[in-house]
Amino acid sequence: MGPRLCELRSNPEGLDLVAIKVTVGRSCYILCSAYLPYESPTPPPRQLMELVEWCKSNNLPLIIPSREVWNQDPDALVSHGLVWFTDGSKTLEGTGAGVRGVRPRVELSFPLGKHASVFQAEVFAISACVSENLKRGYSNQHIQICTDSQAALHALKSPRITSQVVLECTNSLAALGQKNKVRLVWVPGHSGVAGNEEADVLARKGSSDTLTGPEPAIGLPYSYPLGSIDNWTREKCQEDWSRGIGLRQARLLIKGPGAAATRSLVNLNRASISIITGLLTGHGRLNKHLSTIGLSPDSRCRLCGTSDEDSIHVLCHCPRVIVNRHRLFGAGYLAPEDIREVPVDRVLAFARSTGLF
Numbered sequence: 004m005g006p007r008l009c010e011l012r013s014n015p016e017g018l019d020l021v022a023i024k025v026t027v028g029r030s031c032y033i034l035c036s037a038y039l040p041y042e043s044p045t046p047p048p049r050q051l052m053e054l055v056e057w058c059k060s061n062n063l064p065l066i067i068p069s070r071e072v073w074n075q076d077p078d079a080l081v082s083h084g085l086v087w088f089t090d091g092s093k094t095l096e097g098t099g100a101g102v103r104g105v106r107p108r109v110e111l112s113f114p115l116g117k118h119a120s121v122f123q124a125e126v127f128a129i130s131a132c133v134s135e136n137l138k139r140g141y142s143n144q145h146i147q148i149c150t151d152s153q154a155a156l157h158a159l160k161s162p163r164i165t166s167q168v169v170l171e172c173t174n175s176l177a178a179l180g181q182k183n184k185v186r187l188v189w190v191p192g193h194s195g196v197a198g199n200e201e202a203d204v205l206a207r208k209g210s211s212d213t214l215t216g217p218e219p220a221i222g223l224p225y226s227y228p229l230g231s232i233d234n235w236t237r238e239k240c241q242e243d244w245s246r247g248i249g250l251r252q253a254r255l256l257i258k259g260p261g262a263a264a265t266r267s268l269v270n271l272n273r274a275s276i277s278i279i280t281g282l283l284t285g286h287g288r289l290n291k292h293l294s295t296i297g298l299s300p301d302s303r304c305r306l307c308g309t310s311d312e313d314s315i316h317v318l319c320h321c322p323r324v325i326v327n328r329h330r331l332f333g334a335g336y337l338a339p340e341d342i343r344e345v346p347v348d349r350v351l352a353f354a355r356s357t358g359l360f
């Protein structure tokens with residue numbers, strides 16, 4: 004049974020999203036052609052009807068073989084037609100995309116600047132490969148495009164498109180598929196497949212080349228502003244920590260702002276957070292601090308009675324809790340700097356084991 008168009012559904016308000024549902028045998032496929040410029044869902048625009056015809060004749064097969072299949076006989080998967088390999092790369096120098104044609108023999112490298120993500124580079128590489136095939140004017144050809152990015156492949160097959168570079172690639176694939184049989188094939192990365200390794204070299208070359216033109220080259224990924232805000236917040240926290248006045252005990256016992264400690268703290272209840280912050284900052288319910296603010300007449304340790312009861316004494320030096328310290332920290336006595344490397348939950352367990360909190 005051939006492909007059959009089951010459903011053509013547009014946004015009821017005549018906006019810019021059209022979903023096409025196509026069945027091939029017992030399989031059902033949904034392809035979304037998003038952001039087409041038209042005002043009303045009827046009549047459908049020419050671009051949409053071309054996309055429908057392409058879906059009916061060539062539903063863009065997506066092949067994801069296992070690593071074992073590639074290892075057994077890599078040539079069997081790309082044994083006929085035009086074979087292309089694409090890859091994306093991101094380094095400290097920038098981001099790049101590479102295209103390696105095996106049949107025909109072609110090498111293309113694209114610098115994408117410093118802001119593009121690896122995912123964008125992978126999809127752009129596929130799109131550049133498709134554009135090269137369109138430029139060559141192929142007709143009635145079997146075209147196989149191999150990539151090691153499953154994320155890119157699944158994005159191109161997804162009924163929901165949220166990336167401009169994915170949309171452009173999808174539309175280019177639709178154009179190429181009108182006159183050719185196009186197949187996307189996953190190839191395991193860094194596994195010795197010659198074409199893929201050569202595409203990786205070209206992508207790395209692109210990442211090291213200088214972008215001609217303004218940034219960003221292909222738009223900013225959604226993760227970029229979020230990452231920028233996160234990095235700015237981390238830098239400000241570190242700056243405030245470094246420039247803070249005082250904080251004598253806290254600087255000795257706390258390494259500084261960090262994601263791991265933050266995750267540990269936010270998972271605690273309020274009582275536990277009160278204990279751990281008071282203990283590590285020196286502003287907890289210990290006699291030294293209580294004496295300083297006038298709430299206790301005696302600053303001596305309630306356990307050993309020989310020294311002031313502050314955070315460093317309790318955590319590192321008090322002889323009455325040497326067994327607890329050895330059991331939880333691995334040593335009977337510690338330097339204050341050693342506490343920086345102890346997980347928050349162990350510090351909290353030690354504090355509770357002393358009976359002072």
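Residue numbers 4 to 360, in the numbering used here, belong to the letters of the sequence shown in order. Cβ coordinates follow ideal geometry from the N, Cα and C atoms, glycine included.
The criterion of a C-beta distance shorter than 8 angstroms is satisfied by Leu159 and Leu187. For Phe332, the enclosing alpha helix (DSSP H) starts and ends at 325 to 332. If you compare the alpha carbons of Val109, His145, Ile66 with that of Val190, the shortest gap goes to Ile66. Short of 6 angstroms from the beta carbon of Arg70, and not among the five residues preceding or following it, lie these beta carbons of its own chain, in chain order: Pro191.
In this structure, Leu115 lies away from Gly101, with their beta-carbon atoms at least 8 angstroms apart.
For the set Gly180, Ser275, Arg237, the Cα lying nearest the Cα of Val350 is the one of Ser275. Annotation for Leu159: the continuous alpha helix (DSSP H) segment containing it runs 153 to 160. The C-beta separation of Val347 from Ala264 comes to about 6 angstroms, placing the pair in contact by the 8 angstroms criterion. Judged by their CB atoms, Gly285 and Ser314 are nearer to each other than the 8 angstroms cut-off.
Cα atoms of Leu306 and Ala334: separation of roughly 19 angstroms, rounded to the nearest angstrom.
DSSP places Pro228 within a helical segment (H, G or I) once states are collapsed to three. Taking the CA atoms as reference points, Gly281 sits about 14 angstroms from Leu255. For Val169, the secondary structure class from DSSP, reduced to helix, strand or coil, is helix. No Cβ-Cβ contact shorter than 8 angstroms links Lys291 with Ser277.
The residue from Val121, Asp212, Glu171, Ser166 with its alpha-carbon nearest to that of Thr150 is Val121.
Nearest neighbour of Asp90 by Cα position, chosen from Leu337, Glu125, Asn74, Ser310, turns out to be Glu125. For the 8 angstroms CB-CB criterion, Gly198 and Val109 do not form a contact. Ranked by how close their Cα comes to the Cα of Arg251, the residues Ser267, Arg355, Leu283 have Leu283 in first place. Under the DSSP assignment, Leu85 falls in the beta strand (DSSP E) whose first and last residues are 85 to 93. With a cutoff of 8 angstroms on beta-carbon distance, Ser166 and Ser130 are scored as not near each other.
Under the three-state reduction of DSSP, Ile146 is assigned to strand. Partner residues in the beta bridge of Phe113, as assigned by DSSP, are Ala100. When the alpha-carbon of Val168 is set against those of Gln144, Thr94, Phe127, Pro68, the nearest one is in Phe127.
Bridge partners of Lys184 according to DSSP: His145. Contact between Ala220 and Ala119 holds: CB atoms are separated by about 6 angstroms, below the 8 angstroms threshold. At least 8 angstroms separates the beta-carbon of Arg207 from that of Thr98.
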